[in-house]
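Participant: This is the structure I want to talk about, given as structure tokens.
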Amino acid sequence: EIALPETKTAEIVERWSSNIEPVLEALLVEDDPFTVEILTEYLERMAGCRVRKAYSGADAQLRLTERMPDLLFVDSVLPLMRGERILQYCEQLWGKGKVAMIVIAGNDLSAAEQSSLEGRSVTVLRRDDLRSGVLDNVLSPVVQSRRTGVAISR
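Per the working numbering, the sequence shown starts with residue -15, numbered consecutively.
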């Protein structure tokens, strides 16, 4: 057995660990199985995220109290609860700007809702954008900003 000097071991560990991107955790709040499947596949394979899932607003609130996600994906309209309530709950729990928030929306967002989301620095992901090329264009800046800690310019 060869023993490396402690300083050399620390240097090797530092160099090795500095090349590893942190694993981000995403909480996906969505009641549509197709959307859950597409986003989970993208987040795990393309973005290297660990994905937790919630299928209702109440389930999302429970998961949010367990631990803070890096990324929060929320369906704009869930049974019994609007997605905006979940965003508000996350901000109350963890603070504004601590979690990157992405709203999954169809064509059901009013102009007022769209404006409200943009004012809160929420990324809007349209259901029509759930195709790999478009999905990557929308989500890559969000994922990268979480990895580097640099805010996204809008």
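Glycine included, each C-beta is placed from N, C-alpha and C at the ideal position.
Go ahead and pull the three-state DSSP assignment for Ala95.
Facilitator: Numbered from 1 along the sequence shown, position 111 holds the residue referred to as residue 95. Correct three-state label for Ala95: helix.
Participant: List the residues that DSSP assigns as beta-bridge partners of Leu11.
Facilitator: Translated into the one-based positions of the sequence shown, residue 11 becomes position 27. Beta-bridge pairing links Leu11 to Arg36, Leu56.
Participant: Taking Leu55 and Ala89 to be in contact with their CB atoms under 8 Å, please state how far apart those CB atoms are, rounded to whole angstroms.
Facilitator: Working through the sequence shown from its first residue, we reach residue 55 at position 71. Working through the sequence shown from its first residue, we reach residue 89 at position 105. Actually they do not touch by this definition, with Cβ atoms about 16 Å apart.
Participant: Within its chain, find whatever has a CB closer than 6 Å to the CB of Tyr39; leave out the 5 residues flanking it on each side and keep chain order.
Facilitator: Stepping through the sequence shown from its first residue, residue 39 is reached at position 55. Answer for Tyr39: Asp15, listed in chain order.
Participant: To the nearest angstrom, how far is it from the Cα of Met85 to the Cα of Phe57?
Facilitator: Here residue 85 corresponds to residue number 101 of the sequence shown, with the count starting at 1. Here residue 57 corresponds to residue number 73 of the sequence shown, with the count starting at 1. Spanning the two alpha carbons is a distance of roughly 6 Å.
Participant: Please state if the CB of Val108 and the CB of Leu101 are separated by a distance shorter than 8 Å.
Facilitator: Counting from one through the sequence shown, the residue named residue 101 turns up at place 117. Counting from one through the sequence shown, the residue named residue 108 turns up at place 124. It is a contact, given that the beta carbons lie within the stated cut-off.
Participant: Please state the DSSP three-state secondary structure of Ala31.
Facilitator: Stepping through the sequence shown from its first residue, residue 31 is reached at position 47. Coil at Ala31, not helix or strand.
Participant: What is the residue span of the beta strand (DSSP E) that Val87 lies within?
Facilitator: The residue you call residue 87 lines up with position 103 of the sequence shown. Start and end: 84 to 89.
Participant: Hey, how far is the Cα of Asn91 from the Cα of Ser99?
Facilitator: Your numbering for residue 91 matches position 107 in the sequence shown. Your numbering for residue 99 matches position 115 in the sequence shown. Whole-angstrom Cα-Cα distance: 14 Å.
Participant: Which partner residues of Thr107 appear in the DSSP bridge assignment?
Facilitator: As a position in the sequence shown, residue 107 is number 123, starting the count at 1. Ile86, per the DSSP bridge assignment.
Participant: Which partner residues of Leu62 appear in the DSSP bridge assignment?
Facilitator: Taking the sequence shown and counting its residues from 1, one reaches residue 62 at position 78. Met65, per the DSSP bridge assignment.
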